[in-house]
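Reviewing the structure listed below.
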Ligand SMILES: [Ca+2]
Ligand SMILES: [Ca+2]
């Protein structure tokens, strides 16, 4: 009898956990068009940096960033750095894709991406892990120096504040464009679910005490 009750309470706790697994995801989009670089064939993006003003708050579980409608005659030229409100600066794209032409939406997500964009081979539009082949790359001011090379570096930080996306074309001879940039932030489970989970566990402990 008691075991049945415990099983029932465990189910409540599990249900709370499953509910919290229904992820809370926010997306922020800044629309261009932008040119890469702003002028000539080497230099910073026409908007430098692109800024996402995030007024929502929460603790970060996962960050992804999309370079939308990306087009360039030499993928390798494009370097990209994402800086969060706390100052964490992730170099997520540097000297990838070789001489190939990107053409479409490229999303960088170190949780959901399977592979990085190759160093030299063509990569179709899709979801990739951070793709960094020159970690020593630096960006013109006001960009800070990179502090990490994976978007997982943002995990457990607060999401609220300004996020800055710095895109830099670091080689002459080729150029391109981008239609939009999109920042996606998934939060850790919301507090209400954690309270429900805690209540379920407390109930289990209470039953165990009474059993003795
Ligand atoms: Ca570079
Ligand atoms: Ca160039």
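Residue numbers (this note's numbering): 4 to 215. All C-beta atoms, glycine included, are put in the ideal place defined by N, C-alpha and C.
Quick check on DSSP: helix, strand or coil for residue i?
i, result
"residue 80", "helix"
"residue 50", "coil"
"residue 116", "coil"
"residue 14", "Residue confidence is low: residue 14 scores 44 on pLDDT, short of 50, so the model does not pin down where it sits. Its coordinate-derived value is still stated next. The answer is helix: DSSP assigns residue 14 an H, G or I state."
"residue 157", "helix"
"residue 109", "strand"
"residue 5", "Confidence is the limiting factor: at residue 5 the pLDDT is only 45, short of 50, which leaves the residue's position unreliable and the question unanswerable from this model."
"residue 56", "strand"
"residue 131", "strand"
"residue 172", "strand"
"residue 87", "coil"
"residue 167", "strand"
"residue 19", "Unreliable positioning characterises residue 19 in this predicted model, as indicated by a pLDDT of 42, which lies under 50. The coordinate reading is nonetheless provided below. In the structure shown, residue 19 sits in a helix (DSSP, three-state: H, G or I)."
List the whole-angstrom C-beta distance separating residue i from residue j, where the pair is believed to meet the contact cut-off of C-beta under 8 Å.
i, j, result
"residue 110", "residue 130", "5 Å"
"residue 73", "residue 82", "About 13 Å; that fails the 8 Å criterion."
"residue 94", "residue 135", "6 Å"
"residue 193", "residue 63", "Actually they are not in contact, since the Cβ atoms of residue 193 and residue 63 sit about 13 Å apart, beyond 8 Å."
"residue 151", "residue 132", "Rounded, the Cβ-Cβ distance is 13 Å, inconsistent with contact."
"residue 108", "residue 69", "6 Å"
"residue 185", "residue 30", "6 Å"
"residue 25", "residue 183", "Contact doesn't hold; Cβ gap of about 27 Å is too wide."
"residue 174", "residue 80", "5 Å"
Hey, could you find the ends of the beta strand (DSSP E) residue i is sitting in?
i, result
"residue 185", "179–190"
"residue 152", "Element bounds for residue 152: n/a, residue is neither H nor E."
"residue 97", "92–97"
"residue 69", "63–75"
"residue 30", "28–39"
Check each candidate in the options and name the one with the smallest Cα separation from residue i.
i, options, result
"residue 33", "187, 153, 191 and 193", "187"
"residue 98", "116, 140, 92 and 68", "140"
"residue 91", "77, 189, 167 and 28", "167"
"residue 1", "172, 47 and 190", "The displayed coordinates of the chain run from 4 to 215. Any statement about residue 1 would go beyond what the structure contains."
"residue 47", "157, 169 and 189", "169"
"residue 158", "80, 88 and 25", "88"
"residue 165", "60, 137, 114 and 155", "60"
"residue 154", "27, 84 and 80", "84"
"residue 106", "113, 128, 191 and 42", "128"
Quick check on residue i - is its C-beta less than 8 Å from some C-beta in chain D?
i, result
"residue 174", "The structure shown contains no chain D; it holds only a single protein chain."
Three or more beta-carbon pairs under 8 Å between the segment 93–102 and the segment 42–53, yes or no?
no
Decide yes or no for the touch test of the segment 177–192 against the segment 119–126: beta carbon pairs closer than 8 Å, at least 3 of them.
no
Decide yes or no for the touch test of the segment 34–43 against the segment 144–151: beta carbon pairs closer than 8 Å, at least 3 of them.
no
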